[in-house]
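Everything below concerns the one structure shown next.
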Amino acid sequence: MKARVGLKDIAQEAGVSVVTASLALRDAPDSNTQARVSAARREEIRQIAARMGYRTNAAGRILKSKKISDIGLLFFEETEQIRGHAGFTDLNIQVNRICRRNNIRYQLDWFDPIREPDGIPAILTDGLVGGVLIAGCPFGASERFLAEQINIPFVRIDEEGQYCVLQDYITPLREALAYLNATGHRRVGLINGPKMFRRFRETERVFLEEATRYHWDEPEGRIFTIPPYDDFVKNSILAERAIFERPDFADAVLVASGIQASGILPLIHRRGLKVPEDVSFVSIATEDWETERAIPRLTAVEANHARLAEEAVSMLRELMETGNVRRPRVLIPEKFSIRDSVINRSVSF
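Per our numbering, the very first residue in the sequence shown carries number 357; after that it's consecutive.
Structure follows, in C-alpha cells:
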C-alpha cells in the first residue's frame with residue numbers, strides 16, 4: 357500500500373522547510389503567510405503537492421463543520437531518553453485519569469527534535485485535536501512553528517510560555533539543602549541535569565546560593581553537569597568519579613532524576629562507600645515511586661504530577677472554550693520527602 361504523502365515529503369521535493377510548505381498549502385493565506393512565501397513560490401509548492409497526490413487530512417474538513425474538543429498531549433524528547441522517562445510516564449497516566457473522569461478524548465504523541473530538527477509533530481498540524489499540552493523542549497522547526505504558525509491553543513508543562521503550568525521545585529530544593537546543612541554536611545556535591553532545561557539551570561543557581569550562605573567547602577568544584585542526550589553509563593561513571601575520587605570527597609550528594617540516581621548509587625557502593633553512613637544521598641527531579649523502591653529509600657524532592665496534570669488540562673480547556681485564561685501561569689509546589697538516605701553528621705556515635 358502506498359504511503360500517504362505528508363508535509364515533510366512536499367517540503368523535501370520543493371527544497372523548503374516544513375513550515376514553509378505548511379504555509380504555502382493553507383487554504384486562506386494570512387498576511388504573515390504572504391510576507392514569508394511569495395505568491396509564485398506558493399503556487400509552485402501547491403503544484404508539487406498536487407503532482408505528488410497530497411491530500412489534506414480529513415480532519416481539516418471536520419474542523420469546518422464542528423468544533424474539535426479533543427485534546428493532545430505531546431512530549432518532545434530524544435528517542436532513547438523517553439523510554440525511561442519516569443516523569444513523562446507519570447504525567448501521561450495522570451492526564452489519562454483526568455480525561456477519563458471528565459469524558460474527554462485525548463491523543464498522545466511524541467516527537468524527537470534531535471533526529472528531526474526540520475520536522476513538525478503531526479498532532480500540531482493534522483487538525484484532530486482542538487488544543488494540546490506540550491511537555492519537553494522543542495527546537496528547530498518545531499520551536500519556530502510553535503512561536504509563529506500554530507493555530508490551535510497550547511499549554512506548556514514545566515517550561516515557560518504564554519500559557520504554562522510550572523513546578524515550583526525551588527522552595528523544596530532550598531528545604532533539602534537546609535536539611536543537609538542542619539544535619540552537619542559541609543562537603544555537598546551536585547550531579548545536575550543538562551543546562552538546556554530551565555529546571556537544571558535554576559538548580560545550579562540555587563545550589564550555589566545556599567552553599568555560599570552555609571559556607572560549604574568548595575561548592576563550585578563539586579558540581580558535575582550531565583551532557584544532554586549522551587551515553588548514560590559513561591556519564592554516570594564520570595559523574596561519580598568527579599564527586600568521589602578527590603581525597604575530600606563529598607559527605608552528601610544531590611542527584612538530578614531518579615534514573616540518574618539509579619546509575620550513581622551502585623557506583624558509590626562499588627567504591628566501598630555506604631549510603632548514608634559515608635555519603636548522604638538526595639534525589640531531585642524525581643517521582644515518589646522511584647525513590648520508595650531504592651535501597652535505601654531516598655530522601656528526595658519529588659514532582660506532583662497529579663496536580664500538575666489537573667491544572668494543565670483545566671487551563672487548556674478554558675483556553676479552548678474562551679480564548680483566554682484567568683491565570684496564564686500557574687506554579688505547583690513539589691514536595692521534599694525525608695526517608696532513609698541522609699544521616700545526621702552532627703551527632704557523635
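Glycine residues also receive a C-beta, built at the ideal position from the N, C-alpha and C atoms.
By the Cβ test, the stretch 508-516 is not in contact with the stretch 458-468, since fewer than three Cβ pairs between them sit closer than 8 Å. Comparing alpha-carbon positions, the option among Q450, A503, F444, F432 lying closest to P469 turns out to be F432. Of the residues assessed, S702 falls on the exposed side of the cut-off, its CB having fewer than 16 other CB atoms within 10 angstroms. L621 sits away from S639, with the two beta carbons spaced by 7 Å or more. Judged by their CB atoms, L381 and V393 are not nearer to each other than the 7 Å cut-off.
Secondary structure at I427: strand, using DSSP grouped into helix, strand and coil. Restricted to the stretch 480-559, the alpha helix (DSSP H) segments that are unbroken, complete and at least 4 residues in length are 497-504, 526-538, listed in chain order. In this structure, the beta-carbon distance from G545 to I599 falls below 7 Å. Pairing P528 with F692 gives a Cβ-Cβ distance under 7 Å. Taking a cut-off of 8 Å for Cβ pairs, the stretch 480-491 and the stretch 526-541 do not touch, as fewer than three such pairs fall below it.
Annotation: the stretch 571-600 contains the following complete segments of the alpha helix (DSSP H) (minimum length 4 residues), in chain order: 588-600.
Per DSSP, the continuous beta strand (DSSP E) segment holding L610 begins and ends at 608-612. Approximately 6 Å separates the beta-carbon atoms of E658 and E690; this is inside 8 Å, confirming the contact.
Annotation for R554: E515, E516 place their beta carbon closer than 7 Å to its own, counting only its chain and skipping 5 residues before and after.
Taking every protein chain shown into account, the CB of E436 has fewer than 16 other CB atoms within 10 angstroms, so this residue is exposed. The beta carbons of M552 and P583 sit no closer together than 7 Å. Of the candidates M671, A617, G443, L687, the residue whose Cα lies closest to the Cα of N680 is M671. For V638, there is no enclosing alpha helix (DSSP H); the residue is found in the beta strand (DSSP E) stretching over 636-642.
For I438, there is no enclosing beta strand (DSSP E); the enclosing alpha helix (DSSP H) covers residues 435-438. Apart from the 5 residues on each side of it in sequence, M408 sits with its Cβ closer than 6 Å to the Cβ of V361 in its chain, given in chain order.
The alpha-carbon of G540 is positioned some 30 Å away from that of I688. Under the three-state reduction of DSSP, L687 is assigned to strand. Less than 7 Å divides the Cβ of V631 from the Cβ of S697. Taking the C-beta atoms as reference points, H661 is found nearer than 7 Å to L447. In the structure shown, the three-state DSSP call for D446 is helix. Residue range 363-370 is occupied by the alpha helix (DSSP H) that includes D365. Under DSSP, S670 shares a beta bridge with no residue. Sorting A534, T581, A377 by C-alpha distance to the C-alpha of I694 places A534 at the top. In the DSSP assignment, no residue is bridged to L623. Annotated three-state conformation of L464 is strand, per DSSP.
A Cβ-Cβ distance of about 19 Å is found for the pair L502 and Y462, leaving them out of contact under the 8 Å criterion.
In the DSSP assignment, E399 falls outside any beta strand (DSSP E) and within the unbroken alpha helix (DSSP H) covering 395-407.
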